[in-house]
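Below is one structure, written out as structure tokens, with a few remarks after it.
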């Protein structure tokens, strides 16, 4: 599991009540000042949050290039809940000093108390870059996001834009300063947050949002980036994958749920290889799942899950046809034991209704009974139908498609929708010198 390359700071603020350990998932070490602590009485996610009492409480980490944004895109976002009115300029998340040009997110001063503000010297002089248009609630949690996208700065409150500004030429360079949570700046101006904060994230090089959005519904989580084969297993009745998980394998990923795990969260699978998703028992797996295969997806259902009801594979290349036979009704004329003519017939009724009858007469004097003549007619018509429906398709090797006697092909370009073919042959070609390993199916009429 790994965080995407844009995430430079990730504080879940989880832990035991009154703990003074603030863990950054990216690895930055934080020092704790005053009575800053983990509080389980309030949280947005994870059962805890960071508590700051407004009188000297804050946490800080050393200077790092991770929040030296310069002129590129960036995003800072967090959940905050204030505890009563804030002091003027109470700091929330800051990466600057009195002499440097980073950023400082804090509550406003006179006339702007309890409104979130972005302040900096990015334009060349100290200025208010953004100010929220509304006061933050002190009875609920609010998601705040500040995004630079090209030459535009935008502040979002619970996913809705509350302020925007042109920032052409702005340089948010924080070189030489650390980062604080709960205090304004790192050297002077002791203005402190009174309230709780959760899910503090700093992203460099990306604008996470460029328009109004739905606030996150769960903790942020890392991306699964296996380099070979990985198995994600849920056994029994655990609550696993409790937030959106993106799986981007470079080879094969197997996701297995056994028992009745709670897997109701969005899962995005974007493989270039093979995915096997197995549900055993009665889980609801992938209820909101998005599967974007580039090669093979195999979905297996055991027990009574609510999804995973089919198996399908892509066709890499193919030639196939479903031409109408030259004949759609055959008459076989025989002769009974007394020399009288008899006949039997067979017809493709569906074909006939579409294009009219195309007749063929066959003399078979050795056939003495009408029923036998009809059987011979059926055999002749079947042979004609088989010879006009054939194909050769290239499929991903060892995908299991050869285990099926009959396959259905849907191809919008060929105007085919679930047309059935019988697998009448299999062809493998392995040439290590040319790095070729190909698997083809020879198709005929079902």
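Residue numbers (my numbering): 341 to 786.
Beta carbons are placed, not taken as given, at the ideal position from N, Cα and C, and that holds for glycine.
Check, Outcome
"Can the beta-carbon of residue 399 be found less than 8 Å from the beta-carbon of residue 435?", "no"
"Nearest-angstrom Cα distance between residue 374 and residue 396?", "5 Å"
"Between the C-alpha atoms of residue 432 and residue 552, what's the straight-line distance to the nearest angstrom?", "22 Å"
"Distance check for residue 549 and residue 479, CA to CA, integer angstroms please.", "26 Å"
"Looking at the structure shown, is residue 706 part of a helix, part of a strand, or coil, going by DSSP?", "coil"
"Spatial neighbours of residue 776 within its chain, please: C-beta separation below 8 Å, excluding the five flanking residues on both sides.", "769, 770"
"Give me the Cβ distance between residue 424 and residue 534, rounded to the nearest whole Å; I'm assuming they're in contact under 8 Å.", "6 Å"
"How is residue 605 classed by DSSP in three states: helix, strand or coil?", "Because residue 605 sits at a pLDDT of 36, beneath the cut-off of 50, its placement in the model cannot be relied upon, and the point is left open."
"Mind checking which residues open and close the beta strand (DSSP E) that includes residue 748?", "746 to 751"
"Can you tell me whether DSSP reads residue 721 as helix, strand or coil?", "helix"
"Can you tell me whether residue 619 is buried or exposed, with buried defined as 16 or more other CB within 10 angstroms of its CB?", "Unreliable positioning characterises residue 619 in this predicted model, as indicated by a pLDDT of 39, which lies under 50. The coordinate reading is nonetheless provided below. Result: buried."
"Checking the sheet assignment: what are the DSSP bridge partners for residue 681?", "675"
"Work out the CA separation of residue 380 and residue 359 for me, nearest whole Å.", "10 Å"
"Look up residue 715 in the DSSP assignment and say whether it is helix, strand or coil.", "helix"
"Give me the residue from 475, 521, 531, 525 with the minimum Cα distance to residue 539.", "521"
"What is the rounded straight-line gap between the Cα of residue 715 and the Cα of residue 684?", "8 Å"
"What is the rounded straight-line gap between the Cα of residue 493 and the Cα of residue 437?", "21 Å"
"Is residue 703 buried or exposed, if buried means 16 or more other CB atoms sit within 10 Å of its CB?", "exposed"
"By a C-beta neighbour count over all protein chains shown, 10 Å radius and 16 as the cutoff for buried, is residue 731 buried or exposed?", "buried"
"Buried or exposed, going by whether 16 or more other CB atoms sit within 10 Å of the CB of residue 508?", "exposed"
"Helix, strand or coil for residue 382, going by three-state DSSP, please let me know.", "coil"
"Going by DSSP, which residues form a beta bridge with residue 532?", "523"
"Residue 348 and residue 406: beta carbons closer than 8 Å?", "yes"
"With 16 other CB atoms within 10 Å as the buried threshold, where does residue 603 fall?", "Because the pLDDT at residue 603 is just 40, under 50, the model does not fix this residue reliably, and the value given afterwards should be weighed accordingly. Burial call: buried."
"Hey, would you say the C-beta of residue 405 is under 7 Å away from at least one heavy atom of the ligand NAD?", "The ligand NAD is not part of this structure, which contains no ligands at all."
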